[in-house]
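K.L.:
Each residue of the sequence shown is one higher than the one before, starting from 1 at the first, in the UniProt record's numbering.
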Amino acid sequence: MIWLLQIPAPILGLLWVGAVVGFSVGGLLVFRKAVSHTRLENANAVSSTVFQLAGVLYAVLVAFVVVVVWEQFGDAEDASGLEASAIADLLRDSAALPAESRVAVQQSLIAYTRDVIDDEFPRMRRGESIEEQSDELADVWETYLTVQPESRNEIAFFDHAIVRLNDLSANRKMRVSTGEASVPGELWVLLLGGGGVVMAFTFLFGTRDLLVHALAVGLTAALLGFVMYLIFALEHPYVGALSVEPAPYVTVLQVWSE
Numbered sequence: 001m002i003w004l005l006q007i008p009a010p011i012l013g014l015l016w017v018g019a020v021v022g023f024s025v026g027g028l029l030v031f032r033k034a035v036s037h038t039r040l041e042n043a044n045a046v047s048s049t050v051f052q053l054a055g056v057l058y059a060v061l062v063a064f065v066v067v068v069v070w071e072q073f074g075d076a077e078d079a080s081g082l083e084a085s086a087i088a089d090l091l092r093d094s095a096a097l098p099a100e101s102r103v104a105v106q107q108s109l110i111a112y113t114r115d116v117i118d119d120e121f122p123r124m125r126r127g128e129s130i131e132e133q134s135d136e137l138a139d140v141w142e143t144y145l146t147v148q149p150e151s152r153n154e155i156a157f158f159d160h161a162i163v164r165l166n167d168l169s170a171n172r173k174m175r176v177s178t179g180e181a182s183v184p185g186e187l188w189v190l191l192l193g194g195g196g197v198v199m200a201f202t203f204l205f206g207t208r209d210l211l212v213h214a215l216a217v218g219l220t221a222a223l224l225g226f227v228m229y230l231i232f233a234l235e236h237p238y239v240g241a242l243s244v245e246p247a248p249y250v251t252v253l254q255v256w257s258e
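#1: What is the DSSP secondary structure of Ala84, reduced to helix, strand or coil?
#2: Applying the 10 Å Cβ sphere with the 16-neighbour rule, what's the burial state of Ile155?
#3: By how many angstroms is the C-alpha of Pro237 removed from the C-alpha of Ser243?
#4: Entirely within the stretch 2 to 65 and at least 4 residues each: give me those alpha helix (DSSP H) ranges in chain order.
#5: Where do the ends of the alpha helix (DSSP H) carrying Gly127 lie?
#6: Between the Cα of Ala34 and the Cα atoms of Ser48, Leu204, Ile117, Val212, which residue gives the shortest distance?
#7: Pull up the distance between the alpha-carbon of Met228 and that of Glu235, whole angstroms please.
#8: Quick one: grab the DSSP three-state call for Gly196.
#9: How long is the line joining the alpha carbons of Gly27 and Leu5, rounded to whole angstroms?
#10: For Ala111, which residues in the same chain have their Cβ closer than 6 Å to its Cβ, ignoring the five residues on either side in sequence?
#11: Would you tell me roughly how many angstroms separate the C-alpha atoms of Asp118 and Ile7, rounded to the nearest one?
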């Protein structure tokens, strides 16, 4: 299903909400043909009470899931920002390294940054998995292992660079792990099943005006469909149009090229 996120967000959102509304209103029309409005009117008091209870329980569940996926999306943005910040610090501090190693270190860091922008982010946007240790990052480590600091100043900056390089690796792993996180399938069953139950309760309200009833059901279905789409889109923070952008990495290259 993740391939659906490759569809432009406005189109996918409209199609999804339209499908939910059409299915709900169509179900209402079939239900109203099978059950008379008189029978529904006699059960309005019970239907209203049970609907309120079901609605509150389902709202709590949806709110919990929305908060979880939003925090997951925020963690993905933080991971990318921290990784780009580590690259920027390493490039800045490389000026204090021995002259014979400085250019090689800078080139390896720039090559890694370009690979993240030009290769990894497009792959993640298509839903592909990214390895925790890339060849470009391995090249960065190998380049630092060839550095031979001599003066106290070079040794101090080199020691700090190794710490930031470890931070870079850790932030990369965080970016990969947040990109692979998802809402458990059992929770999706509960979300969709609970949404179906809530929509079924909207069929039970007794009114002689079918148009008003259909309008109320359609608006409720539209809201429910939009919430489901939002959860699905935020569940995969690096996939599709509504995803984390590589802007921090681009900024690093722009600043360094000036």
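Idealized CB from N, CA, C, for every residue including glycine. Keep in mind that this is a model prediction, so the values were computed, not measured.
P.N.:
Walking through what the data contain:
#1: Your numbering for residue 84 matches position 84 in the sequence shown. Reduced to three states, the DSSP call for Ala84 is helix.
#2: The residue you call residue 155 lines up with position 155 of the sequence shown. So Ile155 ends up on the exposed side.
#3: Along the sequence shown, read from residue 1 onward, the residue named residue 243 stands at position 243. Along the sequence shown, read from residue 1 onward, the residue named residue 237 stands at position 237. Going by the C-alpha atoms only, they are around 5 Å apart.
#4: 9 to 34, 37 to 42
#5: In the sequence shown, counting from the first residue as 1, residue 127 sits at position 127. No alpha helix (DSSP H) contains Gly127, which DSSP labels as neither H nor E.
#6: Along the sequence shown, read from residue 1 onward, the residue named residue 34 stands at position 34. Measuring from the Cα of Ala34, the nearest candidate turns out to be Leu204.
#7: Sequence index remark: in the sequence shown, residue 228 carries index 228 (1-based). Sequence index remark: in the sequence shown, residue 235 carries index 235 (1-based). Their backbone Cα atoms lie some 10 Å apart in a straight line.
#8: Locating residue 196 in the sequence shown gives position 196, where the first residue counts as 1. Looking at Gly196 - three-state DSSP - the assignment turns out to be helix.
#9: Reading the sequence shown from its first residue, position 27 is the one you call residue 27. Reading the sequence shown from its first residue, position 5 is the one you call residue 5. One C-alpha to the other measures close to 27 Å.
#10: Residue numbering aside, residue 111 sits at position 111 when the sequence shown is read from its first letter. Contacts found: Glu136.
#11: Position 118 of the sequence shown, counted from the first residue, corresponds to residue 118. Position 7 of the sequence shown, counted from the first residue, corresponds to residue 7. Each residue's Cα considered, the two are about 21 Å apart.
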